[in-house]
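J.:
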Amino acid sequence: MKLRIATYNIHKGVSAFGRHERIHSIKDAIAALDADMVFLQEVQGQHDMHARKHLSWPQEGQHEFLAGASHHVAYGMNAVYDHGHHGNALLSRFPITTQVNHDVSDHAYEQRGILHAVVRANQVDIHCFVIHLGLFAASRRRQIQALIDTIQRDTPADAPLIIAGDFNDWNQRLSSALYEQLGVVEAFDVDGQHGTDKFQRKGLAHLFSQSASAHARTFPAGFPWLCLDRVYLRGFHIAAANVMTGDPWRKLSDHVPIMAHLELRQLR
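Start counting the sequence shown at 1; every next residue gets the next number (UniProt numbering).
Written out as structure tokens, the structure is:
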């Protein structure tokens, strides 16, 4: 079975400071990807202020608006405020049989969650995790361990697994734990191989060397140079992986999406 998946931080469907609505253009761009599953971050389930300000603001939540009639949707509400809420979402062409949102907020100033949805595709249960980690390194380490613990507790060892989202891991320090404890590969690992040496760099020099970068550069959208967004996989062959740079993506969000072409394989 072949799958096309994408991960994308949509910046709440608005431009910087919320001045311009972007959600309709984002919907068109996502539809053009023709992906079977889309892992989304910073999705606004409700925003009363934007709804009043922008005449074309969708009446339903952004997750439902983006899913439309073509995809099923799961939404994990994380940040709640007086005028609405936002979180992570999964759009799936295949049925979503179960979903649960795990609160991994590390302090009062950042509300973060891990959305776990099980997708039933051609009689196979694919465990999908949509994540958006915190801005502080210590928080990210604890949140990654919470993700690992959740997967080891709730996901069969032989189940196909997709973890995708915005890791905010600008110094590339988190992958080794996922590799060692979950046996995953990242979509941009060369020939499905990885090594721990490239995740033990010191300082900032590696950020400016494209050849030394372990993962795809996805931020900022106008000139991507930080590797914030990732796709980790277990039970799949990676046929191709691409960063969607240029138009229209550089104008829609502060991140650009990752697209991966996968083929399900039998786990040993």
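We put the beta carbon where it would ideally sit given N, CA and C, even for glycine.
Please classify LYS12 as buried or exposed, where buried requires at least 16 other C-beta atoms within 10 Å of its C-beta.
T.: Counting Cβ neighbours within 10 Å, LYS12 comes out buried, since at least 16 surround it.
J.: With a 10 Å radius around its C-beta and 16 neighbouring C-beta atoms as the bar for buried, classify residue 307 as buried or exposed.
T.: Here the chain comprises residues numbered 1 to 268, so residue 307 is not present and cannot be evaluated.
J.: Are the CB atoms of ASN122 and ASP103 nearer to each other than 9 Å?
T.: Not in contact: ASN122 and ASP103 (Cβ atoms no closer than 9 Å).
J.: Which value, in whole angstroms, describes the spacing of the CA atoms of VAL14 and ASP154?
T.: Cα to Cα, VAL14 sits roughly 35 Å from ASP154.
J.: Tell me the rounded alpha-carbon separation between GLY68 and TRP57.
T.: Cα-Cα distance, rounded: 15 Å.
J.: Which class does PRO176 belong to by DSSP, given the choice of helix, strand or coil?
T.: With the sequence shown as reference, residue 176 is identified as Ser, and Pro is not the correct amino acid for it. SER176: helix per DSSP, three-state reduction.
J.: Where does ALA26 sit, in a helix, a strand or coil, going by DSSP?
T.: In the sequence as displayed, the identity of residue 26 is Ile instead of Ala. ILE26: helix per DSSP, three-state reduction.
J.: Tell me the DSSP bridge mates of TYR75?
T.: Note: TYR75 sits in a beta bridge opposite ALA89.
J.: Can you check the region 76-155 for any alpha helix (DSSP H) of at least 4 residues that lies completely inside it and give the ranges in chain order?
T.: Counting only runs of 4 or more, we get 137-154.
J.: Thinking just about the alpha-carbon of each residue, which of HIS83, SER70, VAL38, PHE65 is nearest to the one in HIS50?
T.: Measuring from the Cα of HIS50, the nearest candidate turns out to be HIS83.
J.: Checking the sheet assignment: what are the DSSP bridge partners for ASP229?
T.: For ASP229, which the question treats as bridged, DSSP gives the partners ASP166.
J.: Output the boundary residues of the beta strand (DSSP E) element that contains PHE260.
T.: In the sequence under discussion, the amino acid at residue 260 is Ala, which differs from the Phe named in the question. Run containing ALA260: 258-264, per the beta strand (DSSP E) assignment.
J.: Can you list, in chain order, the residues of its chain with a C-beta nearer than 8 Å to that of MET1? Leave out the 5 residues immediately preceding and following it.
T.: Excluding positions up to five away in sequence, the list reads ALA121, ASN122, VAL124, GLU263, LEU264.
J.: Given that a residue counts as buried once 16 or more other Cβ atoms are within 10 Å of its Cβ, and exposed if not, what is HIS132?
T.: When all chains shown are included, HIS132 counts as buried.
J.: Does the region 16-32 come within contact of the region 166-182, defined as at least 3 CB pairs closer than 8 Å?
T.: No, because fewer than three Cβ pairs between the region 16-32 and the region 166-182 fall closer than 8 Å, the two stretches do not touch.
J.: When you compare only the Cα positions, how much space is there between LEU252 and PRO160?
T.: For LEU252 and PRO160, the distance between alpha carbons rounds to 31 Å.
J.: What is the DSSP secondary structure of GLN44, reduced to helix, strand or coil?
T.: GLN44 falls in the strand class under three-state DSSP.
J.: Grab me the residues of VAL118's own chain with a C-beta within less than 8 Å of its C-beta, minus the 5 sequence neighbours each way, in chain order.
T.: These residues qualify, in order along the chain: ILE96, THR97, THR98, GLN99, ASP125, ILE126, HIS127, CYS128.
J.: Quick check on DSSP: helix, strand or coil for GLU64?
T.: Here GLU64 sits in helix by DSSP.
J.: Do you know how far the Cα of THR7 is from the Cα of ASP260?
T.: Asp is not the amino acid found at residue 260; the sequence shown has Ala there. Roughly 9 Å between the two C-alpha positions.
J.: Are GLN143 and ASP166 close, meaning C-beta to C-beta below 9 Å?
T.: No, these two residues do not count as a Cβ contact at 9 Å.
J.: Quick check on LEU66: buried or exposed, where buried means 16 or more other Cβ atoms within 10 Å of its Cβ?
T.: Buried, since its Cβ has 16 or more Cβ neighbours within 10 Å.
J.: Check whether the Cβ atoms of PHE236 and HIS215 lie closer than 9 Å to each other.
T.: Against a cut-off of 9 Å, the Cβ pair of HIS215 and PHE236 comes out as no contact.
J.: Which value, in whole angstroms, describes the spacing of the CA atoms of LEU226 and GLU60?
T.: Spanning the two alpha carbons is a distance of roughly 33 Å.
J.: So PHE236 is in the beta strand (DSSP E); what residue range does that whole segment cover?
T.: Unbroken beta strand (DSSP E) run through PHE236: 236-243.
J.: Count the other C-beta atoms from every protein chain shown that fall within 10 angstroms of the C-beta of GLN152, then say buried if there are 16 or more, exposed otherwise.
T.: By the neighbour-count rule (16 or more Cβ atoms within 10 Å), GLN152 is not buried but exposed.
J.: What is the C-beta distance between ASN88 and GLN145, in whole angstroms, given that I count them as a contact (C-beta under 8 Å)?
T.: Not really, about 19 Å apart at Cβ, beyond 8 Å.
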